[in-house]
Amino acid sequence: FRFTHAVTRRPSASITAGLRAVDTGTPDLALMLAHHADYIAALKETGARVVELDPLDAYPDSVFVEDTALCLPDGAVIMRPGAPSRLGEAAEMAPHLKALYGEVRWITGEGSFIEGGDILTTEREILVGRSARTNAAGIDELARLVAPWGHRLREVVTPPGVLHFKTDCSLLDAETILSTPRLAASGCFRGYRVILTAEGEEACANTIRFNDLVLMPAGFPATRDRLAAEGYALREIGNSECAKLDGGMSCLSLRF
Ligand code: CIR
14 FRFTHAVTRR PSASITAGLR AVDTGTPDLA LMLAHHADYI AALKETGARV
64 VELDPLDAYP DSVFVEDTAL CLPDGAVIMR PGAPSRLGEA AEMAPHLKAL
114 YGEVRWITGE GSFIEGGDIL TTEREILVGR SARTNAAGID ELARLVAPWG
164 HRLREVVTPP GVLHFKTDCS LLDAETILST PRLAASGCFR GYRVILTAEG
214 EEACANTIRF NDLVLMPAGF PATRDRLAAE GYALREIGNS ECAKLDGGMS
264 CLSLRF
């Protein structure tokens, strides 16, 4: 959770065509841009360098850069998103990571699909949730690519009906995970300390610990108070527009 860099991409006007499981209204671009600016300001406040990429009109969901790559200390792996409309986003990210990193590897299998939102990197392992976007072939390929860098992968299951594994959890520090009760009940976090989201506030499980701050979506007071009581320095960021597209705090950046 200590990072020197983050990569972000401004939302484009095509965001109104972004993917969503349930239509709860069209995202407002101006409001989303304002939230995005607050998000970037919070990342910068921690001392990190934040790369701000230009909008990509051809890819409505491209503000959610996390799904395009996995960034590790030794190198980056370019993903193969399982959403057909998002597959091309990964190649758009590659040159930017090449400019920042020593080594960039690719998931290449025709049948391999994997999105960054299904990957939770902790200090001891990499958890990957199988989901509608991430399949066994994608997970196997990732495991082979990162093994030489010393990383161990553990396959877990993204709860049915949940977009990504990290829709329901986040890393708060070396041993602590914020999780929804439904995901924690699967037992996948045995050996970690788990803080549960408050009842009815499952939608705030996707936060990020970024250096000294925990960025969390605004509007979840009971979970916020729980985290504050545990001593985390919190920053609430408006997420109403990204939430209409099933996006949250982690989706908006690649961190390394
Ligand atoms: C999608 O369905 O792909 C986007 N509308 C939301 C992606 C959110 N990304 C993430 O959780 N890492």
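Under the working numbering, residue 269 is the last one in the sequence shown; the count climbs by one each step, no gaps. Every residue, glycine too, gets a C-beta built ideally from N, C-alpha and C.
*Go ahead and label VAL175 buried or exposed: buried means 16 or more other beta carbons lie within 10 angstroms of its beta carbon, across all protein chains shown.*
Stepping through the sequence shown from its first residue, residue 175 is reached at position 162. VAL175 should be labelled buried.
*Could you spell out where the beta strand (DSSP E) holding GLY142 opens and where it closes?*
As a first step, residue 142 is located in the sequence shown; it is residue number 129 there, counting from the start. First-last of the beta strand (DSSP E) with GLY142: 139-143.
*Is the distance from the Cβ of THR21 to the Cβ of GLU65 below 9 Å?*
Here residue 21 corresponds to residue number 8 of the sequence shown, with the count starting at 1. Here residue 65 corresponds to residue number 52 of the sequence shown, with the count starting at 1. Yes.
*Use the C-beta contact count for GLY163: other C-beta atoms within 10 angstroms, 16 or more gives buried, fewer gives exposed.*
On the sequence shown, position 150 is the one that residue 163 refers to. When all chains shown are included, GLY163 counts as exposed.
*Can you tell me whether DSSP reads GLU270 as helix, strand or coil?*
With the chain running from 14 to 269 in the structure shown, residue 270 is simply not present.
*asked:* Is the separation between the beta-carbon of VAL186 and that of PRO172 shorter than 9 Å?
replied: Indexing the sequence shown from 1 puts residue 186 at position 173. Indexing the sequence shown from 1 puts residue 172 at position 159. The displayed chain sequence assigns Asp, not Val, to residue 186. Result no, Cβ atoms of ASP186 and PRO172 do not sit closer than 9 Å.
*Using the C-alpha atoms, what's the distance from PRO73 back to THR39?*
Indexing the sequence shown from 1 puts residue 39 at position 26. Indexing the sequence shown from 1 puts residue 73 at position 60. If you take the alpha carbons of THR39 and PRO73, they lie about 12 Å apart.
*Close Cβ partners of ARG167 (< 6 Å) along its chain, the five nearest in sequence each way excluded*: Here residue 167 refers to the residue found at position 154 of the sequence shown. Taken in chain order, the residues that qualify are GLU138, LEU140.
*Starting from LEU42, trace the alpha helix (DSSP H) both ways and give me its first and last residue.*
The residue given as residue 42 occupies position 29 in the sequence shown. Where LEU42 is concerned, the enclosing alpha helix (DSSP H) stretches over 42-58.
*Under 9 Å between the Cβ atoms of TYR52 and CYS84?*
Here residue 52 refers to the residue found at position 39 of the sequence shown. Here residue 84 refers to the residue found at position 71 of the sequence shown. Contact flag unset, no.
_Report the CB separation of LEU184 from VAL90 in whole angstroms; it is logged as a contact under 8 Å._
For the purposes of this step, residue 184 is taken as the residue at position 171 of the sequence shown. For the purposes of this step, residue 90 is taken as the residue at position 77 of the sequence shown. Contact doesn't hold; Cβ gap of about 18 Å is too wide.
*Classify LEU110 as buried or exposed, calling it buried when 16 or more other Cβ atoms lie within 10 Å of its own Cβ.*
The sequence position of residue 110 within the sequence shown is 97, counting from 1. Burial call: buried.
_Give me, in chain order, the residues of the same chain whose beta-carbon lies closer than 6 Å to that of THR81; leave out the 5 immediate sequence neighbours on both sides._
Numbered from its first residue, the sequence shown carries residue 81 at position 68. Closer than 6 Å at Cβ, skipping near neighbours: MET92, GLU102, ALA103, MET106.
*asked:* Just to check my reading of the structure: LEU133 and PHE178 have Cβ atoms closer than 8 Å, yes? What is that Cβ distance to the nearest angstrom?
replied: Walking along the sequence shown from the start, residue 133 turns up at place 120. Walking along the sequence shown from the start, residue 178 turns up at place 165. About 6 Å; that satisfies the 8 Å criterion.
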